[in-house]
Structure formats: C-alpha cells, structure tokens
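Below you'll find the structure, written out as structure tokens, and then a few comments.
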Amino acid sequence: MNEYITISELSKLMSVSVHQIRYFEEMGVLYPAYTDTNQYRMYGIPEIYQLSHVLLLRKLNIPVGQIKESVMSYSTEDYRGLLKSSLIDIESEIDRLIHLKQFIQRTLFEHNETQHDPFGDYEFKYLNTRFMNQWIKFGLEEPINARNLYDNRGHLTNLFESDLHYLYREENVTLCFEANELTSVCLEEGKYLTKRFLVTEEDDILREIDKLREVQKECQYTFIGETILIERSYLSMFSNHDLLYEIQVKVGVE
DNA sequence: CTTCTCACA
DNA sequence: TGTGAGCA
C-alpha cells in the first residue's frame, strides 16, 4: 500500500470536494507531491498541512489568488493584518445577523399581537412622542409610484422592513420613517384615535380617511395635527395580497 | 476510480 | 469561487 493518498482520499480526510482541491491547484496554492503513472495526483503529509493552511485562510474570506501571494511573501505582520481585517468583517456580519434576528422577532411579535387583537374597530391609545425622518412629499392627486420612489431612493436600505408613516396634511402627504434621535418632525404624545385595517386597493385608504372624518363629526372630537397612516408592509407577508395599515389621529381632551 | 473541459451560478 | 455533467 502506497504511503501517499489519492485526491478523493485527501478530500475525505479534509472534508472538501475533489473539485475544490483541483481548483486550488489551478490557482497555484496546492500541488500534489507527485503525479502517478496513471496521471493520478498523489498527496503526502506536507500537502495535507498545506491544504489546511489554505482552507484556514479561505475561512477568513481571503481570495484564493491572495493566498498564493501570502504564502510566498507575507510577513508575520501581514498575517496579523489579515486576521485583524477578518475580525472586523466578522463583527459586521454578526451585527447584520443580530439585526435580522431582531427583525424576525419583532415581526413575529407584532403579527402575534394582530392575531390576538383583530382589527377593524376604532380604539383609543395613548402614544408617546415620536420623531420622524421625512422622506418624500407628494400631493394627494399624484400618488406615489415606483419612479418617484427610485428618484428619492437616497441612502435608504431595506425599504419595507420598517413602519412607513404617511402624514396627511392639507393637500399633501409626507412619507416618513420613525427616527431614533431627535428630529424636526415630531408627533406629539397624547391620546390618539386609532384603527387597524387591511388594504387591497389604493382607494381603501381614502375611504378609511373619510370614515374617520365621519366619526369625528358624529362624536364631536377635536382632531389635533395631521392624520397619520402607518403601513406595516412587512406584516403583509402573512396575508398574501393585502397591506396592513393603522390610522391614527390625535384627539383633544375636553 | 481518475482525468479534463465546459457551462453555470 | 466554486459545482455538476459528461467524457475518456
């Protein structure tokens, strides 16, 4: 029995694909100890160490081409730098996953709330002060479309993973996101008349706003400030074709 | 079983 | 940066 091993034995030993080993060879980072008369690649102990080394650097997300350079010319200080920059990458990846996890937990929690407490009725809520980042302003007669979303895209990421706030004031609507810091746009704390509802088509929204005005007349409420419409687009994944909205308006206290 | 090449994500 | 198919 030969003391050297074949490519498939090496692949099993190191838990990588045969393909990948040949790919590393093509990229010049791992050569067989020798090639047998039948053209089979044969590997010994030094190649096993070399492969471990390459795989370790790959785990740090270092491109194979760069591994070639590093093996030939890197100083220990270069390797320290490599590890440090991988550490930074990994930390930002952890951040990304933490945010994703929080998003999933929040979505499950809020969906659970809406299950437990079905919508369709008016309800009073006491809401704390909220600060908004303004995004797009548009008129009631020229509703939002894909084009002006794109034109105003700015630096926004994951557009529909947070609550979109539409502030209805006079003849125009301002699209906002809730901000974490103090901003110039502020929704005052106080008692709000609220209702959650599902929207299938655009007109449903205007109908809900009209209904709210009727309720105001009937009950003689004083509305303060703008009418707020909150779109929970990420919750709509649970109801295939509808969007979940909540309408809010601050009411004066007699 | 291995080799190589090609197309594909 | 690999994977899978097909071939010899």
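Heads up: the first sequence begins at 1 in UniProt numbering, then just goes up one per residue. Just so you know, even glycine gets a beta-carbon here, dropped at the ideal spot from N, CA and C.
Cβ-Cβ distance between residue i and residue j below 9 Å
i: Leu229; j: Thr114; result: no
i: Leu57; j: Met14; result: no
i: Phe197; j: Ile247; result: yes
i: Val173; j: Leu212; result: no
i: Val251; j: Leu193; result: yes
i: Ile7; j: Tyr43; result: yes
i: Phe131; j: Glu178; result: yes
i: Ile209; j: Thr227; result: yes
i: Thr107; j: Met237; result: yes
i: Ser73; j: Tyr79; result: no
i: Glu25; j: Arg41; result: yes
Beta bridge counterpart(s) of residue i as assigned by DSSP
i: His165; result: Cys176, Ile230
i: Phe160; result: Note: Phe160 sits in no beta bridge, so no partner.
i: Glu246; result: Arg196, Ile230
i: Ile224; result: Lys250
i: Lys191; result: Tyr126
i: Cys219; result: BP columns for Cys219 are empty, so no partner.
Cβ-Cβ separation, residue j to residue i (assumed contact under 8 Å), whole Å
i: Glu189; j: Asn128; result: 5 Å
i: Leu140; j: Glu171; result: 6 Å
i: Val199; j: Leu167; result: At roughly 17 Å, the Cβ-Cβ gap does not stay under 8 Å, so Val199 and Leu167 are not in contact.
i: Arg232; j: Glu110; result: 7 Å
i: residue 266; j: Leu60; result: Because the chain spans 1 through 254 in this model, residue 266 falls outside it and cannot be assessed.
i: Val253; j: Lys191; result: 6 Å
i: Leu82; j: Ile62; result: 6 Å
Residue i Cβ short of 8 Å to the ligand COA heavy atom set
i: Arg106; result: Absence of the ligand COA from the depicted structure is noted, as is the absence of any ligand whatsoever, leaving it without description.
Pair every Cβ in the stretch 147 to 158 with every Cβ in the stretch 131 to 138, then say whether three or more of these pairs are closer than 8 Å. Segment contact: the stretch 147 to 158 against the stretch 131 to 138, three or more CB-CB distances shorter than 8 Å; contact assigned.
Taking only runs of the alpha helix (DSSP H) that begin and end inside the UniProt domain "HTH merR-type" (4 to 73), which ones reach a length of at least 4 residues, in chain order? Secondary structure within the UniProt domain "HTH merR-type" (4 to 73): the alpha helix (DSSP H) runs of 4 or more consecutive residues, fully enclosed, are 7 to 14, 18 to 26, 45 to 59, 64 to 73 (chain order).
So within the stretch 111 to 146, which uninterrupted beta strand (DSSP E) runs reach at least 3 residues, ignoring any that extend past its ends? Assignment of beta strand (DSSP E) within the stretch 111 to 146, counting only whole runs of 3 or more residues, yields 122 to 127, 130 to 139 in chain order.
Does the structure place the stretch 158 to 172 close enough to the stretch 115 to 128 that three or more beta carbon pairs sit under 8 Å? Too few Cβ pairs lie closer than 8 Å, so no.
Would you call the stretch 46 to 55 and the stretch 25 to 35 touching, i.e. three or more CB-CB distances under 8 Å? The count of Cβ pairs closer than 8 Å, one atom from the stretch 46 to 55 and one from the stretch 25 to 35, reaches three, so the stretches are in contact.
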